[in-house]
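Numbering (the numbering used here), first residue to last: 1 to 133.
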């Protein structure tokens with residue numbers, strides 16, 4: 001899978017010290033297909049447990065991959081097509097590779113979302129079902 005970030009993201013940090021608001025639209029090409037992450041989107045970086053921040057902090061070389069992954073999880077879509085959680089996680093892995101994230105970090109972070117991120121994915125889908133998204 002080929003991932004190319006066409007736009008550099010710019011953020012405003014929110015008062016909680018973790019959440020960032022995207023200030024501009026970010027265009028990502030996924031196998032040549034453009035995806036736009038809209039200005040105003042909120043991200044919290046990599047969702048790494050606090051006890052591991054000394055090894056993998058919430059923000060790093062993988063920032064753009066984390067932004068893309070957050071967007072895919074929150075929307076469940078790539079443009080108008082629904083995607084699976086595994087597809088979102090695999091796009092995250094490919095995006096980290098495109099950003100030259102170290103191989104061990106790529107696999108550790110991918111394994112982390114495969115093992116621990118299903119509650120977030122399911123929570124966003126439930127919110128859609130009841131009209132909260």
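Even for Gly, the Cβ is constructed at its ideal location relative to N, Cα and C. These numbers were taken from a predicted model, which means no experiment stands behind them.
Which residue marks the beginning of the alpha helix (DSSP H) containing residue i, and which one marks its end?
| i | result |
| --- | --- |
| residue 89 | 85 to 98 |
| residue 67 | 63 to 75 |
| residue 101 | Where residue 101 is concerned, there is no enclosing alpha helix (DSSP H), given that its DSSP letter is neither H nor E. |
| residue 120 | 118 to 129 |
Work out the CA separation of residue j and residue i for me, nearest whole Å.
| i | j | result |
| --- | --- | --- |
| residue 98 | residue 118 | 24 Å |
| residue 128 | residue 104 | 34 Å |
| residue 2 | residue 17 | 32 Å |
| residue 76 | residue 124 | 8 Å |
| residue 27 | residue 126 | 27 Å |
| residue 91 | residue 81 | 14 Å |
| residue 35 | residue 94 | 15 Å |
| residue 74 | residue 87 | 13 Å |
| residue 64 | residue 19 | 14 Å |
Determine, using beta carbons only, whether residue i and residue j come nearer to each other than 9 Å.
| i | j | result |
| --- | --- | --- |
| residue 67 | residue 84 | no |
| residue 62 | residue 37 | no |
| residue 7 | residue 25 | yes |
| residue 33 | residue 78 | yes |
| residue 101 | residue 60 | yes |
| residue 9 | residue 23 | yes |
Please list, in chain order, all residues of the same chain as residue i whose beta carbon is under 7 Å from its beta carbon, the five residues on each side excluded.
| i | result |
| --- | --- |
| residue 89 | 110, 113 and 114 |
| residue 21 | 11, 12, 14, 40 and 42 |
Can you tell me where the beta strand (DSSP E) with residue i in it begins and where it stops?
| i | result |
| --- | --- |
| residue 161 | There is no way to answer for residue 161, as the model of the chain reaches only from 1 to 133. |
| residue 135 | An answer regarding residue 135 cannot be provided, because it is not within the stretch 1 to 133 covered by the chain. |
| residue 18 | Note, residue 18: premise wrong, no beta strand (DSSP E); not H, not E. |
| residue 34 | 33 to 37 |
| residue 4 | 3 to 5 |
Can you give me the Cβ contacts of residue i inside the same chain, cut-off strictly under 8 Å, excluding the 5 residues immediately before and after it?
| i | result |
| --- | --- |
| residue 4 | 28, 29 and 98 |
Item to check | Given 8 Å, three or more beta-carbon pairs between the stretch 50 to 58 and the stretch 119 to 126 | outcome: no
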